[in-house]
Amino acid sequence: MNDDQLLRYSRHILLDELGIEGQSRLLASRALVIGAGGLGCAALPFLASAGIGSIVVVDHDTVDLTNLQRQILHGTASIGRPKVESARESLLRINPEIAIRTVGERAGDAELDALVRDADVVLDCCDNFATRHAVNRACVAHRVPLVSGAALRFDGQISVFDTRQPGHPCYACLFPPSEQAPEAACATMGVLAPLVGMVGTVQATEALKLLTGVGQTLAGRLLMVDALRMEWTSMRLARAPHCEVCAGR
Ligand SMILES: [Zn+2]
């Protein structure tokens with residue numbers, strides 16, 4: 025680390041649990057973020073500012089006026105532009121020293137597989153079950169930890185699916201792909217603006233912990249927040265013995 029980096033990351037380096045070693049790990053790490061919407065816009069600034077050396081952002085969408093209430097990497101001037109470009113510009117303003125690669129189209133299974141294989145941690149910040157399951161399959165196959173987040177109306181959920189750890193569940197253990205859950209979207213149900221910030225920043229926190237080995241992650245637990253009552257609760261998650269994605273792995 026050079027002198028500027030020692031200053032930029034000094035408040036991390038001051039943390040005994042992280043120190044120079046932990047910060048060096050972050051600088052050498054690669055994070056894959058699926059989605060540059062509300063959750064991605066909350067997680068990404070902290071991944072960038074914290075000095076994760078390489079970040080890949082995947083999103084096929086363009087910025088819409090209805091996004092701006094909560095997707096804070098995008099500004100009014102970015103309406104109509106690809107979200108990944110707008111996000112990239114904002115992130116490089118925060119930290120020009122990191123590498124940001126963008127994928128501005130819907131990533132198919134083969135591309136997701138390649139992107140996940142090259143990542144040290146994956147943040148699922150998307151808004152649909154098909155993508156969530158595709159990302160989970162690739163994470164299980166390549167044994168890459170997955171930080172999953174969801175936010176709708178006043179309710180949020182966060183978990184870490186780390187199948188490198190024996191007995192730990194994957195996303196499909198919790199939401200079996202064959203049991204089609206009804207798709208619920210912010211576009212029809214609404215979402216409170218800072219809720220996506222709460223969930224996305226917890227995702228960023230878990231990603232930094234996974235990359236540095238600090239603390240205990242949410243692996244094997246589902247953290248839920250009810251913003252109307254401001255109650256945080258968590259429940260234990262077990263691996264489903266006959267999970268169609270991770271059983272036998
Ligand atoms: Zn599973």
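Sequential numbering from 25 applies to the sequence shown in this note's numbering. Cβ atoms here follow ideal geometry from the backbone N, Cα and C, with glycine treated the same way.
In this structure, DSSP gives residue 123 an extended state, which the three-state scheme calls strand.
Counting C-beta atoms within 10 angstroms of its own C-beta, residue 75 has 16 or more neighbours from the protein chains shown and is therefore classed as buried. Inclusion of residue 64 and residue 149 in the CB contact set at 8 Å is warranted, their separation being smaller than that value.
Ranking 179, 204, 159 by CA distance to the CA of residue 220 puts 179 first. Counting along the chain, the unbroken alpha helix (DSSP H) around residue 153 starts and ends at 153-166. Remark: the C-beta of residue 197 is in contact range of ligand 1, defined as less than 7 Å to any heavy atom. In the structure shown, residue 218 falls within a helical segment according to DSSP collapsed to helix, strand and coil.
In this structure, the straight-line span from the alpha carbon of residue 81 to that of residue 147 is close to 10 Å. For the set 235, 35, 66, 151, the Cα lying nearest the Cα of residue 211 is the one of 151. Residue 41 sits in coil when the DSSP states are folded into three classes, being neither helix nor strand.
Our two residues, residue 133 and residue 254, have alpha carbons roughly 37 Å apart in a direct line. C-alpha of residue 199 to C-alpha of residue 51: approximately 34 Å in a straight line. Taking the C-beta atoms as reference points, residue 189 is found nearer than 8 Å to residue 243. Between the region 104-115 and the region 158-177 there are fewer than three C-beta pairs closer than 8 Å, too few to call the two in contact. In the three-state reduction of the DSSP assignment, residue 69 falls in the helix class, which pools H, G and I. For residue 108, the enclosing alpha helix (DSSP H) has its first and last residue at 107-118.
Here the region 35-50 lies against the region 227-237, with 3 or more beta-carbon pairs under 8 Å apart. The C-beta separation of residue 245 from residue 142 comes to about 27 Å, leaving the pair out of contact by the 8 Å criterion. Residue 257 sits in a strand when the DSSP states are folded into three classes. Shown here, residue 198 sits in a helix according to DSSP, grouped into three states. In this structure, the CA atom of residue 27 is about 42 Å from the CA atom of residue 90. Residue 159 and residue 32 have their C-alpha atoms some 33 Å from each other. In the three-state reduction of the DSSP assignment, residue 29 falls in the helix class. The continuous beta strand (DSSP E) containing residue 179 extends over residues 179-185.
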